[in-house]
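The structure appears below as structure tokens.
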Amino acid sequence: MSTWIAQEFASAGPLAPWIKIAHAGMEAQMIVELVLFDLPEGATRASAAALYETTAARWADNPDLIEKYYYFDAETGEGGGVYIWPDRAAAERWRGEDYRKMIAELYGASPRIRILDALMRVAPGAIRQL
630 MSTWIAQEFA
640 SAGPLAPWIK
650 IAHAGMEAQM
660 IVELVLFDLP
670 EGATRASAAA
680 LYETTAARWA
690 DNPDLIEKYY
700 YFDAETGEGG
710 GVYIWPDRAA
720 AERWRGEDYR
730 KMIAELYGAS
740 PRIRILDALM
750 RVAPGAIRQL
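With the working numbering applied, the sequence shown covers 630 to 759.
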């Protein structure tokens, strides 16, 4: 994670109740990125999962990514991902033109991207403001 240092404050691995991100003694703002796109017409949960499998390893090896969830909405035919990043700079590093082109080629639609400040994380037994 370049100069960023991540310290987990619980023993639950990547799903720890909270993660503190520090750089030169200052708190960074954790980011939630929502990526939405229209899946090919007639997409099913299984076909969406098969498409997602083609990129999962790439994200698992991403040194900046804290967590990612793929999703599928059967009612709207929409798919996408929810990404948790340590800060806005990390999110921006990974969503450039190459990323947008990959989404369009793989899923047949341009992504709609929203970047949100994460204010609080709630996990069983833990509430933590970020």
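For every residue, glycine included, the Cβ atom is placed at its ideal position computed from N, Cα and C. Treat the numbers as computed from the prediction; the structure is a model and nothing was measured.
Inset, instruction - Count the other C-beta atoms from every protein chain shown that fall within 10 angstroms of the C-beta of E662, then say buried if there are 16 or more, exposed otherwise. - result: The sequence position of residue 662 within the sequence shown is 33, counting from 1. Its Cβ being crowded by 16 or more others within 10 Å, E662 is buried.
Inset, instruction - May I ask you to report which of helix, strand or coil DSSP gives E721? - result: One-based indexing of the sequence shown puts residue 721 at position 92. Of the three classes helix, strand and coil, the one that applies to E721 here is helix, per DSSP.
Legend entry - Assigned exposure category for P715 - 16 Cβ within 10 Å defines buried: Reading the sequence shown from its first residue, position 86 is the one you call residue 715. Counting other Cβ atoms within 10 Å of its Cβ, P715 reaches 16 or more and is therefore classed as buried.
Legend entry - Touch test, the segment 734 to 741 against the segment 664 to 671, Cβ-Cβ under 8 Å, three pairs minimum: By the Cβ criterion, the segment 734 to 741 is in contact with the segment 664 to 671, since at least three pairs of Cβ atoms, one from each stretch, lie closer than 8 Å.
Legend entry - At least three beta-carbon pairs within less than 8 Å, the segment 685 to 697 to the segment 743 to 756: Proximity of the segment 685 to 697 to the segment 743 to 756 falls short of the contact definition, fewer than three beta-carbon pairs being nearer than 8 Å.
Legend entry - Span of the alpha helix (DSSP H), counted from its first residue to its last, around A675: Stepping through the sequence shown from its first residue, residue 675 is reached at position 46. Annotation: the continuous alpha helix (DSSP H) that includes A675 extends over 674 to 689.
Legend entry - Cβ neighbours of W688 in the same chain (closer than 7 Å, five flanking residues each side left out): Mapped onto the sequence shown, residue 688 falls at position 59. Scanning its chain for C-beta atoms nearer than 7 Å, with the 5 sequence neighbours on each side dropped, one finds around W688 the residues L694, K697, in chain order.
Inset, instruction - Over the uninterrupted beta strand (DSSP E) stretch that includes E734, give me the two end residues. - result: As a first step, residue 734 is located in the sequence shown; it is residue number 105 there, counting from the start. Per DSSP, E734 lies in no beta strand (DSSP E); the unbroken alpha helix (DSSP H) holding it starts and ends at 726 to 736.
Legend entry - Cβ pair R717, I756 closer than 8 Å: Start at 1 with the first residue of the sequence shown, and residue 717 comes out as number 88. Start at 1 with the first residue of the sequence shown, and residue 756 comes out as number 127. No; because the gap between Cβ atoms is not below 8 Å, this pair is not in contact.
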